[in-house]
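So the sequence shown is numbered by the working numbering: it starts at 42 and just counts up by one. Each residue gets a CB set at the ideal place from its N, CA and C atoms; glycine is no exception.
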Amino acid sequence: MYTALYRAYRPEVFEEILGQGHIIKILKNQLATDSVSHAYLFCGTRGTGKTTTARILAKGVNCTADGGRPCGVCANCTAIKDGTFMDVIEIDAASNNGVENIRELRESVKYPPAVGRKKVYIVDEVHMLSTGAFNALLKTLEEPPENVMFILATTEPQKLPATILSRCMRLDFKRVPEETLVGGMEDICQQKGIDVSQGALRLIAANADGSVRDGLSILDQCISGGQTRVEREDVLDFLGTAGEEVFLELTDKITLRQPQEALLMLEQILADGKDVRQFMKDWLSHYRNLLITKFIKNPEDMLNLSPENVDRIRRQSDSLDLADINNAIIELSRTMSEAKWSTQPRILLELCMVKMATDLIDPAGAAPRMVPRTAPPAASTAIKTQSPDQVDASAPAEGQTHPDGSPAPEKSFDYDSLWHAIFEEAEASRGSFNLIRSGTRLTEMTDELFTVVASNAAVCGYVENNRQVLEDLMEKHTGKRRGLRCQLEGEDCAPKTDDAQRLAKTAETKLGLNIEIE
């Protein structure tokens with residue numbers, strides 16, 4: 042009968058374990074100095090070698106070889122490999138999680154080993170034990186008989202009581218790097234005489250996301266097709282799923298404002314059998330990863346991703362504004378909520394993608410308008426200028442008056458270009474400008490004031506907090522000091538009290554009048 046690759050090539054000695062050198066060093070030293078602990082807690086994500094390492098450690102304490110232990114070939118090592126060694130007991134806590142099961146365990150630990158030096162209990166998925174079972178295990182785990190050792194394995198150590206954690210030596214298993222996975226799979230392919238391209242192996246390793254078992258399962262699926270050579274395209278056909286590469290590429294198309302390409306890509310993804318609601322959840326998780334990566338320096342554990350995938354996400358996060366990520370999360374969340382009650386969730390997702398890629402998001406809604414990431418206009422062209430032959434010699438300069446005493450007309454400005462130029466310069470010195478960049482617009486400029494309209498109260502608050510900086514930049518780009526007036530979308534444009542006070546002070550300075558504001 043055929044044996045799956047992850048079972049056929051399961052490591053039998055410490056040297057064969059991939060990517061856990063920090064743990065192997067500790068265990069080998071403890072075996073060499075005969076200082077093994079009475080209780081271990083192996084933590085880590087699926088497929089990183091927790092149960093395998095536990096079995097190898099059980100071999101090490103019962104190995105009869107004179108040299109390095111375990112040898113993997115003595116009678117005890119062979120019996121443990123075959124699962125026939127009486128003194129190594131494996132317990133699945135998911136199906137044996139009651140107090141009665143732990144009472145049976147407490148009774149059995151009283152008996153000495155039948156064959157080996159130590160009786161080893163390997164409890165897998167230990168976080169599945171009930172509260173009563175944990176309490177029943179406490180005393181035995183703290184002071185087991187001299188010839189008994191416990192090895193607890195879990196993917197969710199946060200669910201274990203502190204009383205259990207304090208009684209064990211905790212060892213955390215890391216996700217296996219992609220390069221290490223590729224090397225291990227390449228060795229297996231050479232042993233089996235299978236020709237697999239480097240591109241295919243790297244794609245398998247990327248989708249395995251640090252899990253050796255997942256990687257070997259995908260490889261097993263790919264080589265079961267009967268091809269003499271497996272290429273990257275074959276792996277994509279066999280996977281039929283949306284991995285991180287898919288979300289990275291789709292997010293790039295949305296960012297580059299390519300709705301046609303994004304819709305065609307979605308068509309291919311759904312044609313491969315991906316559920317549209319699950320796809321929305323996965324894509325929302327990708328945007329969440331982009332958000333976390335923007336603020337957390339080493340988010341590997343927080344994102345539950347391999348270092349290579351984290352690097353890819355960080356590069357994409359650096360190319361996006363925080364407002365872009367915010368808009369995408371809000372729009373996808375809204376679409377997911379609507380899709381729960383819809384018989385056509387695909388149409389809702391397609392509409393969501395078009396809105397995200399074409400700036401159709403309502404600027405007055407919960408999410409401010411997304412700004413296209415195109416080349417910004419140069420700051421020097423932010424103000425509309427005229428060539429010398431176009432200037433009316435009879436027109437008075439700004440701030441002067443006509444011969445008849447009427448005020449000079451306001452200088453002509455391109456509001457959108459001017460506001461964009463101000464933000465391009467401001468973002469270099471203050472990151473918070475990303476939060477208000479796409480939620481505001483410049484609507485009016487007078488001789489004394491410039492008016493900014495904000496999409497919501499939060500954005501308006503950020504504008505007020507950065508009033509001094511914005512006024513300084515406006516003076517730099519227009520050559521004249523003006524006060525800032527910020528108002529919400531749809532709010533009355535009448536000057537606020539502080540703006541009126543500023544106007545009164547200016548009039549008092551220029552005209553010598555004493556004006557009181559009530």
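Take Arg110 as the anchor and find which of Asn330, Gly88, Val54 and Ile337 has the nearest alpha-carbon.
Val54
To the nearest angstrom, how far is the alpha carbon of Met394 from that of Leu325?
12 Å
Inspect the beta-carbon positions of Gly266 and Asp275 and report whether they are closer than 8 Å.
yes
For Glu372 versus Lys396, is the C-beta distance shorter than 8 Å?
yes
Residue range of the unbroken beta strand (DSSP E) whose run includes Tyr81:
Ala80 to Cys84
Just checking my contact of Arg273 with Gly240 at CB under 8 Å: how many whole Å lie between their CB atoms?
4 Å
Distance CB(Glu530)-CB(Ala495) smaller than 8 Å:
yes
Beta carbon of Asp362 nearer than 8 Å to that of Ala45:
no
In this structure, does DSSP put Tyr43 in helix, strand or coil?
coil
Secondary structure of Val351, DSSP reduced to three states
helix
Quick one: grab the DSSP three-state call for Gln528.
strand
Going by C-alpha to C-alpha distance, which of Thr484, Lys233, Gly520 and Met306 sits closest to Arg526?
Thr484
Bridge partner(s) assigned by DSSP for Met210:
Tyr81
Whole angstroms is fine: what's the gap from Tyr503's alpha carbon to Gly60's?
46 Å
Which residue spans inside the region 65 to 145 form an unbroken alpha helix (DSSP H) run of at least 4?
91 to 103 and 116 to 123
Taking the alpha carbon of Val164 as the point to measure from, which residue in Tyr50, Leu222, Lys91 and Asp513 has its own alpha carbon closest?
Lys91
Leaving out five residues on either side along the sequence, give the residues of the same chain with a beta carbon under 7 Å from the beta carbon of Ala249.
Leu222, Asp255, Gly256 and Ile259
Using beta-carbon positions only, say whether Asp128 and Gly157 come within less than 8 Å of one another.
yes
Under the rule that 16 or more other beta-carbon atoms within 10 Å means buried, what is Pro386, buried or exposed?
buried
When burial is assigned at 16 or more other CB atoms within 10 Å of the CB, is Met515 buried or exposed?
buried
Mind reading off the beta-carbon distance from Lys159 to Asn103? Whole number of angstroms is fine, and I expect it under 8 Å.
6 Å
First and last residue of the uninterrupted alpha helix (DSSP H) at Met622
Coverage of the chain is limited to positions 42 through 559, which leaves residue 622 absent and any answer about it impossible.
Tell me whether Gly472 sits in a helix, a strand or coil according to DSSP, three-state version.
In this predicted model, Gly472 has a pLDDT of only 49, less than 50, meaning its place in the structure is not dependable enough to derive any value.
On the DSSP bridge list, what partners appear for Leu305?
Per DSSP, none; premise fails for Leu305.
Please state whether DSSP places Val156 in a helix, a strand or coil.
coil
Gln309 versus Leu291 - alpha carbon distance:
12 Å
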